[in-house]
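**Student:** Residue numbers (our numbering): 84 to 587.
Quick reminder that beta carbons are idealized off the backbone N, C-alpha and C, glycines included.
All values reported here derive from a predicted model rather than from experimental measurement.
1. Per DSSP, what are the beta-bridge partners of residue 556 in this structure?
2. Closer than 8 Å by C-beta to residue 262: which residues in its own chain qualify, once you throw out the five before and the five after it? Chain order, please.
3. Return helix, strand or coil for residue 547, following the three-state DSSP convention.
4. Given that a residue counts as buried once 16 or more other Cβ atoms are within 10 Å of its Cβ, and exposed if not, what is residue 334?
5. Considering only the alpha carbon of each residue, which of 224, 156 and 231 lies closest to residue 184?
6. Can you list, in chain order, the residues of its chain with a C-beta nearer than 8 Å to that of residue 208? Leave out the 5 residues immediately preceding and following it.
7. Quick check on this structure: which residue in 531, 516, 542 and 545 has the alpha carbon closest to the alpha carbon of residue 32?
8. Suppose only complete runs of 3+ residues qualify. What are the beta strand (DSSP E) ranges in the segment 435 to 523, listed by chain order?
9. Check residue 585 in the structure and name its three-state DSSP category.
10. Pair every Cβ in the segment 436 to 452 with every Cβ in the segment 498 to 506, then say whether three or more of these pairs are closer than 8 Å.
11. Helix, strand or coil for residue 148, going by three-state DSSP, please let me know.
12. What are the boundary residues of the alpha helix (DSSP H) that includes residue 596?
13. For residue 448, which option in 533, 391, 482 and 264 has the closest C-alpha, if you only look at C-alpha atoms?
14. Less than 7 Å between the CB of residue 392 and some heavy atom of the ligand GDP, yes or no?
15. With 16 other CB atoms within 10 Å as the buried threshold, where does residue 568 fall?
16. In whole angstroms, what is the alpha-carbon distance linking residue 464 and residue 355?
17. If you compare alpha carbons, which of 384, 160 and 301 is closest to residue 283?
18. Going by alpha carbons, who is nearest to residue 375 out of 223, 560, 294 and 587?
19. How would you label residue 353, buried or exposed, when you count the other beta carbons within 10 angstroms and need 16 or more for buried?
20. In the DSSP output, what is residue 267 paired with across the bridge?
21. Beta-carbon within less than 7 Å of residue 402's beta-carbon, same chain only, minus the 5 sequence neighbours each way: which residues are those?
22. Is it true that the CB of residue 552 sits closer than 8 Å to the CB of residue 606?
23. Three-state secondary structure (DSSP) at residue 384?
24. Identify whether residue 36 lies in helix, strand or coil by the three-state DSSP scheme.
25. Taking just the CA atoms, how far does residue 169 sit from residue 562?
26. To the nearest angstrom, how far is it from the Cα of residue 144 to the Cα of residue 260?
27. Assuming residue 338 and residue 165 are in contact, meaning their beta carbons sit under 8 Å apart, how far apart are those beta carbons, in whole angstroms?
28. Whole angstroms are fine: how far does the CA of residue 253 sit from the CA of residue 313?
29. Identify the continuous beta strand (DSSP E) that holds residue 590 and give its terminal residues.
30. Within a Cβ cutoff of 6 Å, which residues of the same chain sit near residue 119, ignoring the five residues on either side of it in sequence?
31. Using the rule of at least 16 other Cβ atoms within 10 Å of the residue's Cβ for burial, across every protein chain shown, is residue 138 buried or exposed?
32. Just how far apart, CA to CA, sit residue 431 and residue 423?
33. Find out if the Cβ-Cβ distance for the pair residue 316, residue 152 is shorter than 8 Å.
34. Buried or exposed: which applies to residue 365, given that a residue is buried once 16 or more other Cβ atoms fall within 10 Å of its Cβ?
35. For residue 157, report the span of its alpha helix (DSSP H) as first-last.
36. Have a look at residue 295 and residue 280 and give me their C-alpha separation to the nearest angstrom.
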């Protein structure tokens with residue numbers, strides 16, 4: 084069953100914030116359909132020990148093999164374009180050819196080096212890179228130059244956050260370790276004469292080879308290895324696709340199958356996010372990790388002004404910056420410090436006094452609402468290093484999706500990382516953002532979430548996802564009880580960044 088958690092009619096851009104009776108019944112029926120193990124997993128989300136699993140830690144991996152010139156790349160490109168998932172990466176095993184020494188390079192230029200035997204490819208490195216992608220880790224893919232017959236020095240393709248990985252190469256279905264990582268294995272079959280014609284066209288036009296050399300290499304290496312090593316990998320495939328122009332039906336069937344599997348993964352991701360928001364505990368799980376701005380007269384007055392429909396954009400920016408400065412100053416009470424010796428203006432010496440280590444603090448804004456804190460942040464710490472994350476919800480399902488990440492170099496070495504967002508409604512984008520930081524080697528204890536407005540269910544999801552170990556500084560938290568009243572329905576509308584940037 085598909086759980087649609089798409090934006091509400093009021094531009095919330097988030098899924099349901101309160102578990103109503105219908106949603107609870109749906110979750111119960113889902114649990115009843117699952118095995119006992121899945122039920123226990125669901126119960127873990129109700130209290131402790133839960134963990135968020137982002138979509139890129141369980142990517143759908145497709146292997147496409149076949150002889151040289153069979154049309155593997157064309158089939159792979161057609162699949163990638165047809166499934167239309169921006170988090171799809173195409174990994175060519177051509178990039179994993181082993182580096183050549185001077186003697187082997189000379190043989191390669193004379194067309195005497197065998198590029199078509201399994202040992203020519205570094206399958207150990209290929210397995211390591213694909214395993215990293217399977218585990219959701221950042222990985223570097225080497226770049227190979229067929230013009231220079233060597234890897235391009237100091238050049239790598241960095242991949243992170245892939246939900247679909249397509250592996251293409253003559254030995255994609257050869258290594259048992261790679262086969263174990265694949266969810267779908269496809270073999271592109273073609274007559275060797277057709278492969279020769281395609282290979283000649285490709286190597287002469289794209290790789291600067293001469294005709295005689297290409298034919299010599301085909302007869303000496305390519306054709307014998309295709310019959311000895313590549314053709315037998317056909318038995319490892321789940322599907323065999325002809326490479327001729329009439330393979331549209333076969334490719335279409337494969338694409339429909341892949342889309343159905345991706346839809347199931349998306350549904351499961353949404354169900355887990357919904358479960359993270361449910362709890363039998365009173366109010367919020369761990370008040371020690373949540374710091375809500377004290378409701379002083381000044382804070383309450385600023386809140387009121389920000390909710391006033393008649394407040395113009397310039398005044399809205401002014402009052403929000405003022406409130407954001409208060410919130411940031413409060414969050415900075417916990418920043419790293421060191422002890423130092425200073426000389427006062429009156430030439431008096433002070434020893435072992437506390438000094439803030441602002442250079443050990445960085446911030447990451449979730450685009451766009453996190454950018455509302457920029458002015459206040461720059462005024463508070465002028466030289467702070469800032470990163471960006473773009474996470475948006477799918478317009479049809481509401482599923483959070485990581486579009487891009489720009490993080491400071493060596494971000495894991497900072498002692499404090501502020502993760503900033505203007506509003507938290509469902510908590511899904513913030514959960515994904517925290518996971519991105521964890522994937523980049525940042526300890527959970529170093530991360531502090533800073534948000535102006537948050538719903539209780541969003542905060543609950545964040546705490547449940549990371550075992551109540553994430554510190555949250557919030558300007559205001561709207562409880563479930565308040566959301567059930569008409570007076571607080573505005574808290575489910577993403578108005579803050581639209582008003583701040585004049586886009587409403």
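**Tutor:** Answer, in terms of the structure:
1. Along the chain shown, read from residue 1 onward, the residue named residue 556 stands at position 473. For residue 556, which the question treats as bridged, DSSP gives the partners 374 and 533.
2. As a first step, residue 262 must be located in the chain shown, where it is residue number 179. These residues qualify, in order along the chain: 146, 256, 268 and 319.
3. For this step, residue 547 is matched to residue 464 along the chain shown. Residue 547: helix per DSSP, three-state reduction.
4. Taking the chain shown and counting its residues from 1, one reaches residue 334 at position 251. When all chains shown are included, residue 334 counts as buried.
5. What you label residue 184 is simply residue 101 of the chain shown in a count that begins at 1. Closest by alpha carbon: 231.
6. Residue numbering aside, residue 208 sits at position 125 when the chain shown is read from its first letter. So the list reads 179 and 225, once near-sequence residues are dropped.
7. For residue 32 there is no data in the structure shown, the boundaries of the chain being 84 and 587.
8. DSSP runs (the beta strand (DSSP E)) wholly in the segment 435 to 523: 444 to 450, 468 to 476, 483 to 489 and 499 to 507.
9. Translated into the one-based positions of the chain shown, residue 585 becomes position 502. Coil.
10. yes
11. As a first step, residue 148 must be located in the chain shown, where it is residue number 65. Strand at residue 148.
12. Nothing in the structure corresponds to residue 596, since the chain is present only between 84 and 587.
13. By one-based count along the chain shown, residue 448 stands at place 365. Nearest C-alpha to residue 448: 533.
14. With respect to the ligand GDP, the structure offers nothing, as it holds no ligand at all.
15. Walking along the chain shown from the start, residue 568 turns up at place 485. It counts as exposed.
16. Taking the first residue of the chain shown as 1, we reach residue 464 at position 381. Taking the first residue of the chain shown as 1, we reach residue 355 at position 272. When only Cα atoms are considered, residue 464 and residue 355 end up about 37 Å apart.
17. For this step, residue 283 is matched to residue 200 along the chain shown. Relative to the Cα of residue 283, the nearest Cα in the group 384, 160 and 301 belongs to 301.
18. The sequence position of residue 375 within the chain shown is 292, counting from 1. Minimum Cα distance to residue 375 is reached at 560.
19. In the chain shown, residue 353 corresponds to position 270, counting from 1. Within a 10 Å sphere around the beta-carbon of residue 353 sit 16 or more other beta-carbons, which makes this residue buried.
20. Taking the chain shown and counting its residues from 1, one reaches residue 267 at position 184. Partner(s): 145.
21. Taking the first residue of the chain shown as position 1, residue 402 is located at position 319. Only 385, 388 and 389 meet the Cβ criterion.
22. The requested residue 606 is not part of the displayed model; the chain covers only 84 to 587.
23. Counting from one through the chain shown, the residue named residue 384 turns up at place 301. In the structure shown, residue 384 sits in a helix (DSSP, three-state: H, G or I).
24. This structure does not reach residue 36, given that the chain is present from 84 up to 587, and the question cannot be answered.
25. Taking the first residue of the chain shown as position 1, residue 562 is located at position 479. Taking the first residue of the chain shown as position 1, residue 169 is located at position 86. Computed Cα separation, rounded: 36 Å.
26. By one-based count along the chain shown, residue 144 stands at place 61. By one-based count along the chain shown, residue 260 stands at place 177. If I take the Cα positions, the gap works out to 13 Å.
27. Your numbering for residue 338 matches position 255 in the chain shown. Your numbering for residue 165 matches position 82 in the chain shown. The Cβ separation is near 5 Å, so the contact holds.
28. Taking the first residue of the chain shown as 1, we reach residue 313 at position 230. Taking the first residue of the chain shown as 1, we reach residue 253 at position 170. In a straight line, the C-alpha of residue 313 is about 7 Å away from that of residue 253.
29. Past the edges of the chain, shown from 84 to 587, lies residue 590, and the structure says nothing about it.
30. Within the chain shown, numbered from 1, the residue matching residue 119 stands at position 36. Residue placement at residue 119 cannot be trusted, given a pLDDT of 40 that sits under 50; what the coordinates show is reported in the next sentence. Cβ neighbours of residue 119 beyond the five flanking positions: none.
31. As a first step, residue 138 must be located in the chain shown, where it is residue number 55. That one is buried.
32. As a working note, residue 431 is residue 348 in the chain shown. As a working note, residue 423 is residue 340 in the chain shown. Taking the straight line from one Cα to the other gives about 14 Å.
33. Taking the first residue of the chain shown as 1, we reach residue 316 at position 233. Taking the first residue of the chain shown as 1, we reach residue 152 at position 69. No, they are not a contact pair.
34. Indexing the chain shown from 1 puts residue 365 at position 282. With a pLDDT of only 44 at residue 365, under the threshold of 50, the placement of this residue in the model should not be trusted; the figure read from the coordinates follows. Result: exposed.
35. Within the chain shown, residue 157 is the residue found at index 74, counting from 1. From DSSP, the alpha helix (DSSP H) with residue 157 extends over 155 to 166.
36. What you label residue 295 is simply residue 212 of the chain shown in a count that begins at 1. What you label residue 280 is simply residue 197 of the chain shown in a count that begins at 1. Residue 295 and residue 280: Cα-Cα distance of roughly 13 Å.
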